[in-house]
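Numbering (my numbering), first residue to last: 373 to 720.
Read the structure below first, then the notes.
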Ligand code: MN
Ligand code: FE
């Protein structure tokens with residue numbers, strides 16, 4: 373790969389000179405303005421409008437509920453711990469891939485502005501799980517080692533990480549079709565699969581407790597994380613489409629087929645995870661409904677990537693789309709800013 377872009381050119385930069393990737397050697401990479409990719413700048417503003425910190429959220433009721441021996445069944449405690457265990461390290465994996473791989477290769481300043489914001493948000497998300505685990509006095513060793521000790525979690529993390537090695541290769545050339553395809557596959561693996569599919573059965577499970585006013589502080593944080601992740605994913609999928617639009621030669625039928633298979637296999641891994649780690653018959657959830665939901669979510673990702681839908685499943689949890697729906701998300705930001713200023717908590 374070429375050197376990470378820190379190039380300062382001698383000529384004035386116009387918006388038209390800018391590219392989303394592979395600016396090195398031709399265009400200055402340090403000038404945010406003139407902005408060409410307004411969508412990337414808007415994602416940055418949306419992320420900032422949603423700022424929050426874990427320790428602002430009270431865990432008092434969660435601690436009382438968790439300590440109460442009748443507060444949760446064994447099955448519920450198992451599911452909750454698996455969900456924390458998955459997220460506790462997945463957030464770090466995403467952050468590391470972002471900083472060590474994506475940031476190095478994406479050299480457009482507007483996109484990098486958002487990547488910097490996203491990287492901080494991943495740190496906040498890891499912080500949230502550290503704060504939750506500590507507040508509930510859970511076994512830190514068990515929680516933070518779960519990604520290598522529970523097979524279904526290991527398999528998911530391994531799947532996303534498998535497409536990091538190729539792009540850390542110093543010989544990767546993103547100006548070649550093959551090199552750029554490798555990079556796009558990494559973006560699909562992290563934005564489309566890890567943040568876009570693997571996170572969602574955990575979100576559904578935890579937010580189901582929140583709907584019953586159980587673990588309210590934890591679920592408030594999970595809801596903030598879901599808002600953030602929804603922006604991460606939407607930015608990532610738009611970034612992928614922008615790269616493809618400027619480099620259409622990479623989007624061959626063979627490569628499209630490869631991406632479809634890549635996502636379909638991830639859906640299978642998520643089904644296995646739901647079977648092994650998530651509830652059957654608690655909270656009105658069961659593995660069949662979760663599988664249907666995962667397929668529904670995956671179809672949305674295919675659509676965004678301009679690929680054919682694969683499953684045609686309905687959304688079994690319409691209340692989730694109310695939380696995620698982009699328009700409501702905007703409303704949420706407005707509400708959130710007010711709440712941020714008054715220090716109020718989310719109402720369930
Ligand atoms: Mn995150
Ligand atoms: Fe994220």
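Using N, Cα and C, we set each Cβ at its ideal position, and we do this for glycine too.
Can you give me the C-alpha to C-alpha distance between residue i and residue j, rounded to a whole angstrom?
| i | j | result |
| --- | --- | --- |
| residue 640 | residue 671 | 14 Å |
| residue 387 | residue 692 | 39 Å |
| residue 431 | residue 498 | 16 Å |
| residue 669 | residue 675 | 10 Å |
| residue 524 | residue 399 | 45 Å |
| residue 716 | residue 427 | Only weak support is given to the placement of residue 716: the predicted model assigns it a pLDDT of 45, under 50, and the value that follows is read from those uncertain coordinates. About 13 Å. |
| residue 542 | residue 473 | 11 Å |
| residue 534 | residue 666 | 21 Å |
| residue 698 | residue 440 | Residue placement at residue 698 cannot be trusted, given a pLDDT of 43 that sits under 50; what the coordinates show is reported in the next sentence. Looking at the two C-alpha atoms, the distance is approximately 37 Å. |
| residue 394 | residue 646 | 39 Å |
| residue 520 | residue 407 | 43 Å |
| residue 438 | residue 544 | 49 Å |
| residue 385 | residue 488 | 22 Å |
| residue 586 | residue 443 | 9 Å |
| residue 690 | residue 401 | 43 Å |
| residue 694 | residue 649 | 25 Å |
| residue 583 | residue 509 | 23 Å |
| residue 464 | residue 614 | 26 Å |
| residue 433 | residue 661 | 29 Å |
| residue 580 | residue 449 | 14 Å |
| residue 722 | residue 526 | This structure gives no information on residue 722, because the portion of the chain shown stretches from 373 to 720. |
In its own chain, which residues sit with a C-beta less than 7 Å from the C-beta of residue i, not counting the 5 before and 5 after it?
| i | result |
| --- | --- |
| residue 575 | 594 and 598 |
| residue 549 | 621 and 622 |
| residue 404 | 481, 482 and 485 |
| residue 471 | 491 |
| residue 447 | 651 and 654 |
| residue 688 | 661, 664 and 665 |
Can you say whether residue i is buried or exposed, counting buried as having 16 or more other CB atoms within 10 angstroms of its CB?
| i | result |
| --- | --- |
| residue 540 | exposed |
| residue 380 | exposed |
| residue 518 | buried |
| residue 503 | buried |
| residue 558 | buried |
| residue 663 | buried |
| residue 592 | buried |
| residue 629 | exposed |
| residue 417 | exposed |
| residue 601 | buried |
| residue 515 | buried |
| residue 382 | exposed |
| residue 644 | exposed |
| residue 566 | buried |
| residue 479 | buried |
| residue 422 | buried |
| residue 409 | buried |
If you measure between the beta carbons of residue i and residue j, is that distance less than 7 Å?
| i | j | result |
| --- | --- | --- |
| residue 589 | residue 429 | yes |
| residue 435 | residue 507 | yes |
| residue 419 | residue 612 | no |
| residue 654 | residue 555 | no |
| residue 413 | residue 494 | no |
| residue 455 | residue 578 | yes |
| residue 536 | residue 469 | yes |
| residue 528 | residue 570 | yes |
| residue 501 | residue 458 | no |
| residue 728 | residue 677 | One cannot answer for residue 728 here, as it falls past the ends of the chain, which runs 373 to 720. |
| residue 618 | residue 392 | yes |
| residue 596 | residue 424 | yes |
| residue 553 | residue 627 | yes |
| residue 512 | residue 522 | no |
In its own chain, which residues sit with a C-beta less than 6 Å from the C-beta of residue i, not counting the 5 before and 5 after it?
| i | result |
| --- | --- |
| residue 651 | 451 and 657 |
| residue 673 | 564 and 568 |
| residue 616 | 623 |
| residue 561 | 532 and 535 |
| residue 708 | With a pLDDT of only 48 at residue 708, under 50, the local geometry of the prediction cannot be trusted, and the value read off the model is given with reservation. Correct list: empty, nothing qualifies. |
| residue 461 | 519 |
| residue 685 | 664, 667 and 668 |
| residue 538 | 554 |
Leaving out five residues before and five after residue i in sequence, what residues of the same chain have Cβ atoms less than 8 Å from its Cβ?
| i | result |
| --- | --- |
| residue 563 | 604, 605, 607, 608, 609, 611 and 612 |
| residue 637 | 531 |
| residue 445 | 654 |
Legend entry - Contiguous beta strand (DSSP E) assignments of at least 3 residues, all confined to the region 532-608: none
Inset, instruction - Please list the segments of the beta strand (DSSP E) lying wholly inside the region 406-459, counting only runs of 3 or more residues, in order along the chain. - result: Taking only runs of at least 3 residues, no beta strand (DSSP E) segment lies wholly in the region 406-459.
Legend entry - Runs of alpha helix (DSSP H) wholly within the region 601-678 (minimum 4 residues, chain order): With a minimum length of 4 residues, the continuous alpha helix (DSSP H) runs that stay inside the region 601-678 are 625-649 and 659-676.
Legend entry - Ranges of the alpha helix (DSSP H) found wholly within the region 479-511, counting only runs of at least 4: 481-507
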